[in-house]
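Chemist:
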Amino acid sequence: MLQKTARLWAIIVILTLVGSLTLAGCGQKAEPPKQSQPAPAPAPQKPVYKVALLTSGPINDGGWNQSAFEGLQDIKKKFGLEVANTENVKQADQLQLIRSYVNQGYNIIFGHGFEYGDTLKAAAKEFPKAYFIQIGGIEKNGANLGSTVFHSGEAGYIAGIVLALTTKTNKIGQVGAMEIPTIKADFDNMKKAVAKYNPKATVVTAYTGSWEDIGKGKEAALAQFNSGVDAILADGDAVNIGVVEAAKEKKGLVVGWSRDQSHLGPEVVLTSMIQRVDIMMEKMVKDVLDGKFKGENVVMGFADGVNDVAPYNAKVPKDVQDKVKAVIEEMKSGKFDPNK
Amino acid sequence: MESLFQLIFAGDFFYSTIRLATPLLLAALGGLFSERAGVLSLGMEGMMLGGTLLGFLGSYFTGSPWLGIFIAALGGLVVALLYALVTVTFRADQVVASVGINIIMMGLTGVIYRGIFGTTLSQQIVAPALKPLAIPGLAQIPFLGPVLFDHLAMVYVAFLLVPITYHVLYHTTWGLKIRAVGEYPLAADTLGVNVFLTRYLAILVSGFLASAAGALLSIGYLNMFMENMTAGRGFIAFSAIIFGKWTPLGTMAACLVFGAADALQLRIQAFGLGLPYQLAVMFPYAITLLALLFVGRSQGPAAAAIPYSKD
Amino acid sequence: MSNDNGQSGRRSLLLNAVQGLLIPLLAVTGALLVGSAVIALVGADPWKAYTALYKGAFGSQVQFNMTLLNATPLLLAGLAVVLAFRGGTFNIGGEGQLYMGALFATWAGTTLPLPGELALLAALLAGLLGGLLWGAIPGYLKATRGFNEVITTILLNYIAIWLVSYFVHGPMKEPGWNPQSRAVFEAARLPILDPRSGLNLGIVIAILTAFLVYLLLEWTTLGFSIRMVGLNRTAAAYAGVNVPLTMALTLGLSGALAGLAGTVEVLGRQYRLLDGFSPGYGFDAIAVALLARLNPWGTIFSAIFFGALRTGANGMQVVARLPVVVVYVLEGLVILFTIAGNSGRFKLRRKAVMR
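Residue numbers (my numbering), protein chains in the order written: chain A, 3 to 342; chain B, 1178 to 1488; chain C, 123 to 477.
Now the structure itself:
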């Protein structure tokens, strides 16, 4: 019993200690929060910009995160800026990482995905002198927080035309990893395109539930091919690899995503919807450098060269290619918007 | 609905089931040795991860996927040795040691792969992969042939290991020692069984097979490596052992149930019922939980997860 | 800890202190030494990396508060593990229970229009309830049907994670672009203690909970029954303890604590629910609890230790430019070394936990 009482006391001491430590932390908040911005240059020189990128997944996923990492390297080359990145960022760590970067003098921070919205909003408020840019989202504050996003579903619509006009069985598949906003927008518009260009065709959707599980991607695609699907839109980063593998086995057709994926299987990859995240990032950084950053949501698509169609393989007939070209021209000129 | 029914009971569904179950089975059978010897096999996820990379590297550099599998299995011994050192010799808690091994392997596979091939590749690196081996004669049987006898050779190996495991565990001295060590290590020790050696060997078997199972994922069903590509299969294999009541046959049944549920889930999605995909992905886990209702209680080795010390 | 009371009572205080401090210290040093080889291998500077690790976790009051912030969910989920393991139940479903707690808390915090503190209280209770429910299922199955809780909790982890995903994409989705829940009402949020780090009242709740778990285990009849069942089921049954009921209760309470971890993460830090919002707190919690030798107030320290590791690892990535894969290796090494170093004297009698 004596031991127990001693332990009780020990706990009370700990409670007080931790409590006072915490309170000490709160006491300090009385002083204005230190804006640890990069040390202001002694002379009114041009400000020094350093760029940091946060991605939720690995930078070698062959898709979404890799394209942002490559965009970052381009920024380093093109503008001669210092760059850094952190991958596999967990939701709970976003704000801390951003704070650390700002404390290290980084003042252009990219959050790569819709999931950075809240964090970037909070960070933009906390560090008014740094710039925060969300890719694949729509956050903006009119000052130091902006975002850039693909013209929603443009590429999905184009993929839909290609698939609708090449399917022989009139069954088309979609395989994704998880249902995130950009993927959903593209899948939805692909369905619209199919409905318009091949009303007889039906579309089925499958998600693997994992960005890394290539094997599951292959299984999902095999299941679709076995159910009569003969052409699939693959939009799940690394998962696409599995889809192409399945297509090779089942002599199916695939439209790749994010980069030219023909090297995975030249005979089965019809084409790929290229997404130039690097162009988006460059534009945002250039705006900052030129003093033109307005804290807006910048929507970019075919007209800006952000969306593009990779070279076709021989299985896509010339008239289909021409039709696609025509629709893209309409999108570029603003005559046609798949969302309207 | 009729055509969904047709979709499910097509030969392809059963083929898929076997294919999805095999990596689980291979790992779980190895894990069974470790579990029966009283050492948790939660570290299989890390061992499998190591196997995915080593199998890929082995196949890439030697040009032979079979050598790849073998190299992966040998590498699995090293990971297993580390796990055994920590859990058997240092008597560390096995759950935590597993968590540690799994994190290390997640990191280490990435470090090595990136170190060899660079961080970002414009093209995916591919390695030679295993080819399906149709068994002459048997593969020509209608329906059953394509379902059962047109798989990768590793699939046959995995299923042949079921009776072999059964035999080793229940009909050999070594198997008896393993089970004794898992049930009542003190008594086994008194009878002159080397508890430490027995547990070390059992863990090594687990590492060997789990790593081979990992290699099956990277260069069996595919021909490339991706970080974290096992995506939790080691944990499912671990559950399969418990589900199967720590017996080889039960474990095989559990792996097949899980494989079937996964194959079914993908077919439900492919059928396009408009079900939210999260519910489909959740389906195998829910089904397994339900299946447990029919299996009932399962009782593990008495000394499971308890480090043994002589004093 | 009750089961080595006899021994430790006889040990000199000094020896205890040496074992309690020196060995973990040596273990961490060993892990860092091995880790430095890996760091050097990828061409980074180990010294710089470790300085960043330390500074990131303890470098300033703000950094330390950040460590405490990261320790909060680990402490609560760790306590859940402590309670379960002490009662002889092997709850590795902390992650799922945490998700369910967060789900329920978010629902309450975004829909119940309650005034003032009532909103917060309701959300906290809802979170507890969510976790309780998800812990009670394996508890019930174990008590009535003898199901092994290891497998049920693993399966329920996956089910909870996908349920949350379904809810944030479906019924609970905020209108608009993002698949996330609405933000919880201001009134339902935990007060912020330090705006520079985001440290909130959650840490106080967590430490109080540690105290309560200690009280429950050491000073109440229920706690005594829980420990007795954990030590020896047969003996407990002879002594008149309702073993199945106690185990079900243990798992339920343990689930509630893990649920609270998810709740505090939502109400104190993230304010809304997203897919995969937990970086695996529920699994880290097992290491937290076992490093503390299943001692509730030791859990405070080990949670801070793991919180510091997380916080410092973030600093290490930013300052020393260490790739995340190297950070994983380091984390794993630290876990392995500390647990191995800890085990020489730590003979946990978790008898027949796998049954």
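Glycine included, every Cβ here is placed at the ideal spot set by N, Cα and C.
#1: Which of helix, strand or coil does DSSP assign to ASP215/A?
#2: If GLY1208/B sits next to ALA1480/B, beta carbons under 8 Å apart, how far is it from one beta carbon to the other, in whole angstroms?
#3: Any C-beta of chain C sitting closer than 7 Å to the C-beta of MET1221/B?
#4: Quick one: is PHE459/C buried, meaning 16 or more other Cβ sit within 10 Å of its Cβ, or exposed?
#5: Tell whether a beta-carbon distance below 7 Å holds between GLY209/C and THR372/C.
#6: Once DSSP output is grouped into helix, strand and coil, what is the label at SER154/A?
#7: Near LEU1381/B, which residues of its chain fall below 8 Å by C-beta distance, leaving aside the five closest residues on each side in sequence?
#8: Taking the alpha-carbon positions, what's the ILE1293/B to LYS337/A distance?
#9: Three Cβ pairs or more, each shorter than 8 Å: is that satisfied between the segment 102-117 of chain A and the segment 401-418 of chain C?
#10: Taking C-alpha atoms, which residue in MET302/A, TYR314/A and ALA233/A lies nearest to GLU284/A?
#11: For the putative contact between ALA244/C and LEU255/C, defined by C-beta atoms under 8 Å, what is the C-beta separation to the nearest angstrom?
#12: Quick check: is the beta carbon of ILE243/A nearer than 7 Å to any beta carbon in chain B?
#13: Identify every residue that forms a DSSP beta bridge with TYR133/A.
#14: Helix, strand or coil, according to DSSP, for PRO1309/B in the structure here?
#15: I'd like the list of long-range same chain contacts for ASN67/A, defined as Cβ closer than 8 Å, with 5 residues on each side in sequence excluded.
#16: Please list, in chain order, the chain E residues whose beta carbon lies closer than 9 Å to that of SER376/C.
#17: Can you list, in chain order, the residues of its chain with a C-beta nearer than 8 Å to that of ALA1417/B? Leave out the 5 residues immediately preceding and following it.
#18: What separation, rounded to the nearest whole angstrom, lies between the Cα atoms of PHE71/A and LEU1298/B?
#19: Just tell me which of ILE1195/B, GLN1183/B and ARG1474/B has its CA closest to the CA of VAL1332/B.
#20: Give every residue of the same chain whose Cβ lies closer than 8 Å to the Cβ of ARG349/C, excluding the five residues on either side of it in the sequence, and list them in chain order.
#21: Ignoring anything shorter than 4 residues, give me the alpha helix (DSSP H) runs that lie fully in the segment 172-222 of chain A, in order along the chain.
#22: Thinking C-alpha only, which one of ILE160/A, LYS131/A, SER149/A and ILE137/A is nearest MET333/A?
#23: Look at ALA202/C and LEU379/C and say whether their C-beta atoms are less than 7 Å apart.
#24: Between PRO183/A and the rest of its own chain, which residues show a CB-CB distance below 7 Å, the 5 nearest in sequence each way excluded?
#25: Helix or strand or just coil, what does DSSP make of ASP321/A?
#26: Going along chain B in order, which residues have a C-beta closer than 7 Å to the C-beta of PRO60/A?
#27: Considering only C-alpha positions, which residue in the set GLU296/C, ILE281/C and LEU250/C is nearest to ALA199/C?
#28: Between the segment 416-428 of chain C and the segment 181-197 of chain C, are three or more C-beta pairs nearer than 8 Å?
#29: Among the residues of its own chain, which have a CB less than 6 Å from the CB of ILE325/C, if the five just before and after it don't count?
#30: Report all residues from its chain with a CB closer than 7 Å to the CB of GLY320/C; omit the five preceding and five following residues, and keep chain order.
#31: Expressed to the nearest angstrom, what Euclidean distance is found between the alpha-carbon atoms of LEU344/C and SER376/C?
#32: Return no unless some Cβ of chain B is closer than 7 Å to the Cβ of VAL351/C.
#33: Is the shortest distance between the beta-carbon of TRP284/C and the beta-carbons of chain B less than 7 Å?
#34: Which complete beta strand (DSSP E) runs does the segment 210-284 of chain A hold, if anything under 3 residues is left out?
#35: Kindly indicate which three-state DSSP category LEU191/C falls into: helix, strand or coil?
#36: How close, in whole Å, do the beta carbons of TRP213/A and VAL256/A come, if the pair is a contact with beta carbons under 8 Å?
Modeler: In short:
#1: Taking the first residue of the first sequence as position 1, residue 215/A is located at position 213. Here ASP215/A sits in coil by DSSP.
#2: Counting from 1 along the second sequence, the entry for residue 1208/B is found at position 31. Counting from 1 along the second sequence, the entry for residue 1480/B is found at position 303. Not confirmed; about 16 Å, so no contact.
#3: Working through the second sequence from its first residue, we reach residue 1221/B at position 44. Output row for MET1221/B: interface = no.
#4: In the third sequence, the residue the question calls residue 459/C occupies position 337. Classification of PHE459/C: buried, given that the 10 Å Cβ count is 16 or more.
#5: Against the third sequence, residue 209/C aligns to sequence position 87. Against the third sequence, residue 372/C aligns to sequence position 250. For GLY209/C and THR372/C, yes; Cβs fall inside 7 Å.
#6: By 1-based counting over the first sequence, the position of residue 154/A is 152. In the structure shown, SER154/A sits in coil (DSSP, three-state: anything other than H, G, I, E or B).
#7: In the second sequence, residue 1381/B corresponds to position 204, counting from 1. The residues LEU1254, ALA1257, LEU1258 and ALA1261, in chain order, have a CB closer than 8 Å to that of LEU1381/B in the same chain once the five nearest residues on each side in sequence are set aside.
#8: For the purposes of this step, residue 1293/B is identified with residue 116 of the second sequence, where counting begins at 1. For the purposes of this step, residue 337/A is identified with residue 335 of the first sequence, where counting begins at 1. The straight-line gap from Cα to Cα measures roughly 49 Å.
#9: no
#10: Taking the first sequence and counting its residues from 1, the one referred to as residue 284/A is at position 282. Closest by alpha carbon: MET302/A.
#11: Here residue 244/C refers to the residue found at position 122 of the third sequence. Here residue 255/C refers to the residue found at position 133 of the third sequence. Actually they do not touch by this definition, with Cβ atoms about 16 Å apart.
#12: As a first step, residue 243/A is located in the first sequence; it is residue number 241 there, counting from the start. Yes, because at least one Cβ of chain B sits closer than 7 Å to the Cβ of ILE243/A.
#13: In the first sequence, the residue the question calls residue 133/A occupies position 131. In DSSP, TYR133/A forms a bridge with ILE110/A.
#14: Taking the second sequence and counting its residues from 1, the one referred to as residue 1309/B is at position 132. Strand, per DSSP.
#15: To locate residue 67/A, count along the first sequence from 1; it is residue 65. Closer than 8 Å at Cβ, skipping near neighbours: THR57, SER58, GLY59, PRO60, ILE61, GLU89, HIS114 and ASP239.
#16: The chain labelled as chain E is not found among the protein chains of the depicted structure, namely A, B and C.
#17: As a position in the second sequence, residue 1417/B is number 240, starting the count at 1. Excluding sequence neighbours, ALA1417/B sits near LEU1201, LEU1202, ALA1205, THR1428, ALA1431, CYS1432 and PHE1435.
#18: Residue 71/A sits at position 69 when you count from the first residue of the first sequence. Residue 1298/B sits at position 121 when you count from the first residue of the second sequence. PHE71/A and LEU1298/B: Cα-Cα distance of roughly 11 Å.
#19: As a working note, residue 1332/B is residue 155 in the second sequence. Nearest neighbour of VAL1332/B by Cα position, chosen from ILE1195/B, GLN1183/B and ARG1474/B, turns out to be ILE1195/B.
#20: As a first step, residue 349/C must be located in the third sequence, where it is residue number 227. The answer, listed in chain order, is SER124, ARG208, GLY209 and LEU339.
#21: Correct list: 183-199.
#22: Residue 333/A sits at position 331 when you count from the first residue of the first sequence. Minimum Cα distance to MET333/A is reached at ILE160/A.
#23: Within the third sequence, residue 202/C is the residue found at index 80, counting from 1. Within the third sequence, residue 379/C is the residue found at index 257, counting from 1. LEU379/C sits close to ALA202/C, with the two beta carbons spaced by under 7 Å.
#24: The count along the first sequence starts at 1 and reaches residue 183/A at position 181. Correct list, in chain order: PHE116.
#25: For the purposes of this step, residue 321/A is taken as residue 319 along the first sequence, with counting starting at 1. In this structure, ASP321/A counts as helix in the three-state DSSP scheme.
#26: Reading the first sequence from its first residue, position 58 is the one you call residue 60/A. What PRO60/A touches in chain B: GLU1404.
#27: To locate residue 199/C, count along the third sequence from 1; it is residue 77. It is LEU250/C whose Cα lies nearest to the Cα of ALA199/C.
#28: yes
#29: In the third sequence, residue 325/C corresponds to position 203, counting from 1. Cβ contact annotation for ILE325/C (same chain, cutoff 6 Å, sequence separation greater than five): LEU190 and THR194, in chain order.
#30: Stepping through the third sequence from its first residue, residue 320/C is reached at position 198. Taken in chain order, the residues that qualify are LEU191, ILE314 and ARG391.
#31: As a position in the third sequence, residue 344/C is number 222, starting the count at 1. As a position in the third sequence, residue 376/C is number 254, starting the count at 1. Answer to the nearest angstrom: the Cα atoms are 14 Å apart.
#32: Sequence index remark: in the third sequence, residue 351/C carries index 229 (1-based). For VAL351/C, the answer is no, since every Cβ of chain B falls outside 7 Å of its Cβ.
#33: Position 162 of the third sequence holds residue 284/C. Output row for TRP284/C: interface = yes.
#34: Note on the segment 210-284 of chain A: whole beta strand (DSSP E) runs with a minimum of 3 residues are 233-237, 255-260 and 271-277, in chain order.
#35: Here residue 191/C refers to the residue found at position 69 when the third sequence is read from its first residue. Helix, per DSSP.
#36: Working through the first sequence from its first residue, we reach residue 213/A at position 211. Working through the first sequence from its first residue, we reach residue 256/A at position 254. The pair is not a contact, with the Cβ atoms about 18 Å apart (cut-off 8 Å).
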